[in-house]
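Visitor: In our numbering, the protein residues as written are 5 to 482.
Every residue gets a Cβ at the ideal spot worked out from N, C-alpha and C, and that includes glycine.
1. Looking only at its chain, what residues have a beta carbon closer than 6 Å to the beta carbon of residue 45, apart from the 5 residues adjacent to it on each side?
2. Looking at the structure shown, is residue 197 part of a helix, part of a strand, or coil, going by DSSP?
3. Just how far apart, CA to CA, sit residue 368 and residue 231?
4. Grab the span of the alpha helix (DSSP H) containing residue 302 for me, first residue to last.
5. Got a sec? Which residues, its chain only, sit under 7 Å from residue 463 by beta carbon, not counting five neighbours each side?
6. Just how far apart, CA to CA, sit residue 316 and residue 460?
7. Alpha carbon to alpha carbon, how far is residue 429 from residue 381?
8. Could you name each continuous alpha helix (DSSP H) segment of 4 residues or more that falls completely within the segment 204–289, going from the start of the chain to the end?
9. Please state the DSSP three-state secondary structure of residue 417.
10. Which ranges does the beta strand (DSSP E) cover as unbroken runs of at least 3 residues, wholly within the segment 375–399, from first to last along the chain?
11. Helix or strand or just coil, what does DSSP make of residue 99?
12. Excluding five sequence neighbours on each side, which residues of the same chain lie with their C-beta closer than 6 Å to the C-beta of residue 330?
13. Give the straight-line distance between the Cα atoms of residue 355 and residue 102, rounded to the nearest whole angstrom.
14. Per DSSP, residue 60 forms a beta bridge with which residues?
15. When burial is assigned at 16 or more other CB atoms within 10 Å of the CB, is residue 66 buried or exposed?
16. Just curious, the beta strand (DSSP E) that residue 111 is in, first and last residue?
17. Between the Cα of residue 404 and the Cα atoms of 362, 378, 52, which residue gives the shortest distance?
18. Over the uninterrupted beta strand (DSSP E) stretch that includes residue 365, give me the two end residues.
19. I'd like to confirm the pairing. Which residues does DSSP put opposite residue 126 in its beta bridges?
20. For the structure I just gave you, are there three or more beta carbon pairs, one from the segment 188–195 and one from the segment 162–169, closer than 8 Å?
21. Name the two residues that bound the continuous beta strand (DSSP E) containing residue 170.
22. Can you confirm whether the segment 75–89 touches the segment 121–139 when touching is taken to mean that 3 or more C-beta pairs between the two stretches lie within less than 8 Å?
23. Note down, in chain order, each residue of its chain lying with its Cβ closer than 6 Å to the Cβ of residue 261, except the 5 sequence neighbours on either side.
24. Below 8 Å, how does it come out for the segment 427–445 and the segment 143–156: are there three or more Cβ pairs, yes or no?
25. Do you know how far the Cα of residue 146 is from the Cα of residue 468?
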């Protein structure tokens, strides 16, 4: 998180073959059940924007108002449900969730989202039997149900990754480097790709006056990372002023590289044909004309930040956070990218804003119909990453390693050589097995470039001495 304060062409046939291998199959998608096709006690309305299909279910304002979906499962087990809803009132609209007549969850909150045209997804895991299942939501308050748009389902469990992960860490590999125009105290928020025999790393750098900007470094082996010079992108068309939290990927349909980053209260991108030439990036262009209303209505005292784009074979999805317990997702078609991103949906929420804080990453696992979501959290012992999986890039999301006792990555499941140089496993990026917009990682050899800091140093957040280290998974399932 960052707070305010030469491309070698790929032969066309090879590129097409590569895309065919990495594009998710149809079976990777969630099954969707539209509310207008369910048994809706009420009316199917379409007077608020942002719904899917023909409309949404609007129930009477009374206890017991309900909707029933018939959900199909190939085998008995558990499903994760993603219930898309809108609640423009000022109070929660709780509902009991029953499956096949048995109460599965009581008083699911369906919290307010600020406006009836703002939408959120409630992720719920339930037991099911093989074949048809009746999934019912029944209001437990006089307000009735929230407006319900659809129910997505994905099979829960069975990840290609182990349920508990173990890591080893290097010491600090990348340090601040200053020049006559840049007095750098911190290097953080890395994004990395391996292309044409080199690692290309983009970072936020913070100066002694707490100003943020972007920098680039490149090397052929991690042993060279500490000696690699920082190239400051504020001397290029990317320009001066607040820039932070970069993400880099090659967008194969257009055969050009994209660098996305924060620009205060918005997100912007630059492009180039040559990732190895830091002077070649174009001037920033914002994705949005302004901060979306859904974000304004829900971020409280937080900030819209840490933007992350991943594409499947049909659409590009942008995840983001707000330091207020909300994970957002917007999307546009593959053909329209980088234009046309939708109003964000709240893809996940936690009332403890530190527990679903920032720094979201989403990846596709190579050779699997599976996606991995990682989100940074703050604990009393330091920053950690929690994780979820789904067979769809848009969720719904099933917990993988998401607790303090069993985190995805934290100091307590990391072995250091000697004294631990950090208690924080913070904002970073997995080392990808490719470099394009699908953000594919190999499930057998996870490595994570992360930011950490000396645990004994106390300073204002923007002056903390962040450095970069590398985690390597030590309990590979392969």
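Guide: With the given structure in hand:
1. 63, 69, 70
2. strand
3. 32 Å
4. 297–302
5. none
6. 43 Å
7. 10 Å
8. With a minimum length of 4 residues, there is no unbroken run of alpha helix (DSSP H) contained wholly in the segment 204–289.
9. helix
10. Here the runs fully enclosed are 375–383, 386–394.
11. strand
12. 302, 350, 353
13. When rounded, the distance between both Cα atoms is 23 Å.
14. 49
15. exposed
16. 106–112
17. 378
18. Run containing residue 365: 362–369, per the beta strand (DSSP E) assignment.
19. The partner list for residue 126 (beta bridge, DSSP) reads 87.
20. no
21. First-last for residue 170: undefined, no H or E at that position.
22. The segment 121–139 is in contact with the segment 75–89.
23. Here the set comprises 254, 276, 279.
24. no
25. Computed Cα separation, rounded: 49 Å.
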